[in-house]
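Residue numbers for the sequence shown follow the numbering used here, so the first one is 10 and each next one is one higher. Glycine included, every Cβ here is placed at the ideal spot set by N, Cα and C. Fair warning: this is a prediction, and the values are worked out from it, not measured in the lab.
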Amino acid sequence: MLVSVVGRGSRGVGRAAVLALAIALSACGGQAPPTFDLNAPQTLTKARGVGRGQLVVVEPTALSVLNTDRIVIRTQGEIAYLSRAQWSDRLPRLVQSRIVEGFENGSRLRAVGTPGDKLAADFQLVTEVRAFHLSVASAPMAEVEISAKVVTARGGRVLAAKVFRASVPAASTEGPDAVSALDEAFQRVITDLVAWASHVV
Numbered sequence: 010m011l012v013s014v015v016g017r018g019s020r021g022v023g024r025a026a027v028l029a030l031a032i033a034l035s036a037c038g039g040q041a042p043p044t045f046d047l048n049a050p051q052t053l054t055k056a057r058g059v060g061r062g063q064l065v066v067v068e069p070t071a072l073s074v075l076n077t078d079r080i081v082i083r084t085q086g087e088i089a090y091l092s093r094a095q096w097s098d099r100l101p102r103l104v105q106s107r108i109v110e111g112f113e114n115g116s117r118l119r120a121v122g123t124p125g126d127k128l129a130a131d132f133q134l135v136t137e138v139r140a141f142h143l144s145v146a147s148a149p150m151a152e153v154e155i156s157a158k159v160v161t162a163r164g165g166r167v168l169a170a171k172v173f174r175a176s177v178p179a180a181s182t183e184g185p186d187a188v189s190a191l192d193e194a195f196q197r198v199i200t201d202l203v204a205w206a207s208h209v210v
């Protein structure tokens, strides 16, 4: 089943109820829902040359509906969460960790980390998770959108900015199928983001 539906008035609640019935998932009372992770792309082509700086990846910002470990389902006008699936951490923190891994796997930077690593950073990657959900307006579709800015660590001057998007069909609205499609879309976004940022810095 779905939980935490956000509707628009009574009509929204009615449509949300129909959605819940249409993509109902069996729930085991009292049991923690299955936990899923995201993967950083492993087969990135490293940029040529020697990296000229160190990069700090700031935790992404996100609307409150995404700033959670819940997996979001969207239809026209409503937002809900899968009841029998959750991320292994809050989504922004999980995305931050996998972005760092992506740079480690495919960038030419001397070092990359998070603010807690206390690097003598030359650059910061500032991101916003704008979309990270399974859309069920028609056929299930995983949609991921992340905006990114590379800024100087001193002075905060924006060197470049870009929005990255990917959509991947999902086999169903079941937790494993939803997560598989979201993970594939996420890896496509991170592959493009790492390649772009590596050339900027």
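Length of the line joining the Cα atoms of residue i and residue j
i: Val-167; j: Ile-80; result: 32 Å
i: Val-104; j: Ala-146; result: 25 Å
i: Gln-133; j: Pro-50; result: 21 Å
i: Thr-44; j: Trp-205; result: 31 Å
i: Ala-89; j: Arg-83; result: 6 Å
i: Ser-189; j: Leu-128; result: 33 Å
i: Thr-200; j: Thr-182; result: 25 Å
i: Ile-108; j: Leu-64; result: 11 Å
Cβ neighbour criterion (16 or more within 10 Å) applied to residue i
i: Leu-100; result: buried
i: Ala-36; result: In this predicted model, Ala-36 has a pLDDT of only 42, less than 50, meaning its place in the structure is not dependable enough to derive any value.
i: Gln-196; result: buried
i: His-208; result: exposed
i: Ile-32; result: Unreliable placement is indicated for Ile-32, whose pLDDT of 40 sits below 50; the coordinate value is still reported in the next sentence. With 16 or more other Cβ atoms within 10 Å, it is buried.
i: Ser-116; result: buried
i: Pro-69; result: buried
i: Thr-52; result: exposed
i: Ala-94; result: buried
Range covered by the beta strand (DSSP E) that runs through residue i
i: Arg-163; result: Unbroken run through Arg-163: none, as it is neither H nor E.
i: Arg-83; result: 79 to 84
Limits of the unbroken alpha helix (DSSP H) element including residue i
i: Lys-196; result: Here residue 196 turns out to be Gln, not Lys, going by the sequence shown. 184 to 209 is the span of the alpha helix (DSSP H), which, as asked, contains Gln-196.
Strand pairing of residue i, partner residues [DSSP]
i: Thr-238; result: Given that the chain is displayed from residue 10 to residue 210, the structure contains no residue 238 and the question cannot be resolved.
CB-CB length for residue i against residue j, believed under 8 Å
i: Glu-152; j: Ser-144; result: 5 Å
i: Ala-175; j: Asp-186; result: Contact flag wrong, Cβ pair sits at about 17 Å.
i: Ala-157; j: Leu-202; result: 6 Å
i: Phe-231; j: Val-198; result: Here the chain comprises residues numbered 10 to 210, so residue 231 is not present and cannot be evaluated.
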